[in-house]
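FYI, my numbering numbers position 352 of the sequence shown as 645, with every residue one higher than the one before it.
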Amino acid sequence: MERMTAAEAIVEIMVQEGVEKVFCVPGESYLDVMNALYDHDHIQLISGRHEGGISFMAEGYAKASGKVGVCLATRGPGAANLSIGLHTAMQDSTPVVALIGQVEQAFRDREGFQEIDLAAYFRHLVKWTAELREASRAPELLYRAFHIARTGRPGPVLISLPEDVLNGTADMRFQPARVYSLPRPERESVARVASLLQTAHRPVVIAGGGISARKSTDLLVTLAEWFRLPVATAFRRMDAFPNHHACYIGHLGLNAPSYLVDAVQQADVVLALGTRLSQVTSQDYTLIRPGTQLIHVDISPDEINKVYRPAIGIVADVGYFLEDLLEVSAGGMTADLMAERESYTSGLREAYSAYSKPRSNHGDRTVDLEGLMHDLQEALPEGTIITSDAGNFFGWLSRYYRFREAGTYIGPTSGAMGYGLPAAIGAKLARPERTVIAFAGDGGFMMTMAELETAIRYQIPVVAVVVVNNMYGTIRMHQEKRYPERVIGTDLSNPSYAEYVRLLGGHGETVRSNRDFLPALERALESNRPTVIEVMADPEQISAALTIEQLRRGWQHNGAAV
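Structure representation (structure tokens):
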């Protein structure tokens, strides 16, 4: 046993858990934790400008590193600001530990300064919450927090830290341990899956975030090649399967193409791997039709039978499941079925290739985003990590950019705006050897652009590509669908983001035509400084498929009126 303060014990647990980066906005309610961190120079404390930004940094860092992200915030307003990143971590199944300062215990329930019942406030937003009420229990609660965050379906946890408990001393018990908690599937269930895949005529695989999190893409590639399986990726999980592979058929995101939706709806077997079959992935819960045999594999039992009743539901680590499935699948298929499957998968691949191939457009008055995607694809170094906000600009990225490697896309399935820049900062800290590009719209970018100063202060050379069309584009699109020409509340004005970042000490460029984009990108990468490239886009082109005028006319797209 060692005698120390609760704050010192908390930092000692961080050391034992391998924490290297902690993200915060400093607050007086947890000064004792900050002071304890001062004595551990191998844990870098990143101090940001807004709790929403630092929570996105911690979440992006966790995704890019495969480790638990850690963030600190003060009570009340700080905690409320932090909640957006914890909600994102929950919906994205990202392991994050949030430590929040709290008012002194003697002042509780008196509406003390900045008082919120933190455990109650966050209970439905995170996997687990607790409050430290005795200094001696700090190791117990911190060990449990890291365990819950990373096991089962990963996610965020939160511990409330009353200020007077943090500086309390006690004899602390530390007992480092390694917990093995990745379940293997039953052999009988794996054999049943193999039998279904060996006899299916129209199978489809849906690869979710569990594939990337468990670094199981190579196993899935082997399975797809063995059975000639067409593979689609779940919403914002485009990098879970290499997009250039002959078995890849597209992304089940917002406004998924009709050929892809039809393929899943007409499938006789759907193998869903490490995905919770969210509202977007399932196209508003319409994707799996009666008669389709759904095989749902997920590490969390709570995800099985949550929306769809599977023919086979398997609670297992997807990596172990794929290993075992490949082991029992030596029998293969008949020659006739193999030929049929080849033709079926090739047809879907051809549809994807036609849908996703960007043209090398070079607009003169504004930047054509399809052409920009073509140029990004050609110019970015191998292994580049792209983060993004939510917004209509994302439609060009999800349709045209082809991700070749797992772990190279980081985005919020929660649809959180303002995510791209701070997540890029977190990702660059996790993978400093990689080029990291933040892709954002002008609406979302301004929500967290103060974190540019954080990037400059810590010399974190991320490149933000900001699409400027002077509107909240997604809401304007829905506005024009439902109430054509009745525009209210969605127009924006913008400063020069390029000038803003230059004032802070970074590199900034304004691009008004496609031919100027690649030279600007090259200069940005060579500068090795935080950079903003503001891209002046055509506001009339509201999405990757439609103009505002087409929306107003109720133009037909993908076989349905929009």
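Don't be surprised by glycine CBs; every beta carbon is placed ideally from N, CA and C.
For the options A300, Q309, V315, Y331, the alpha carbon positioned closest to that of S322 is the one of A300. The Cβ atoms of L566 and V483 lie no closer than 8 Å to each other.
Distance between E352 and D682, taken at the CA atoms: about 13 Å.
Note on A632: under 16 other CB atoms within 10 angstroms of its CB, so exposed under the neighbour-count rule. Residue burial is scored here from C-beta neighbours: T574 has at least 16 other C-beta atoms within 10 angstroms and is therefore classed as buried. Taking Q576 as the centre and dropping the five residues before and after it, the same chain places the C-beta of L545, A549, V554 closer than 8 Å to its C-beta, in chain order.
Under the criterion of beta carbons closer than 8 Å, S429 and G502 do not qualify as touching, at roughly 37 Å. Note: P370 is not bridge-paired with any residue in the DSSP secondary-structure output.
Apart from the 5 residues on each side of it in sequence, A733 sits with its Cβ closer than 6 Å to the Cβ of D682, G713, V759 in its chain, given in chain order. In this structure A382 touches G448 by the C-beta definition: roughly 6 Å separates them, less than 8 Å. For T638, the secondary structure class from DSSP, reduced to helix, strand or coil, is helix. Around the CB of A748, 16 or more other CB atoms lie within 10 Å, so the residue is classed as buried. Around the beta carbon of Q395, a 10 Å sphere encloses 16 or more other beta carbons of the protein chains shown; the residue is thus reported as buried.
A residue is called buried when at least 16 other Cβ atoms come within 10 angstroms of its Cβ; Q752 does not meet this threshold and is exposed.
Contact check for K356 against I703 passes: the beta carbons are separated by less than 8 Å. Using a Cβ distance threshold of 8 Å, S348 and L392 do not count as a contacting pair. Y765 is the residue among I607, G799, Y765 whose C-alpha sits nearest the C-alpha of N787. In the pairwise beta carbon analysis, the stretch 331 to 343 is classified as not touching the stretch 417 to 424: fewer than three pairs are separated by under 8 Å.
Cα atoms of F696 and R466: separation of roughly 46 Å, rounded to the nearest angstrom.
Spatial neighbours of H537 in its own chain (CB-CB distance under 8 Å, excluding positions within 5 residues in sequence) are listed in chain order as R695, R697. In this structure, DSSP gives R446 a state outside helix and strand, which the three-state scheme calls coil. Rounded to whole angstroms, the Cβ separation of L564 and P496 is 7 Å, and the two are in contact under 8 Å. Under the three-pair Cβ rule at 8 Å, the stretch 659 to 668 counts as touching the stretch 826 to 834.
V761 and D784 do not touch by the CB rule: their CB atoms are close to 13 Å apart, not below 8 Å. C317 and E726 have their alpha carbons spaced roughly 24 Å apart. Within 10 angstroms of the beta-carbon of P674 lie fewer than 16 other beta-carbons, which makes it exposed.
Annotated three-state conformation of R652 is coil, per DSSP.
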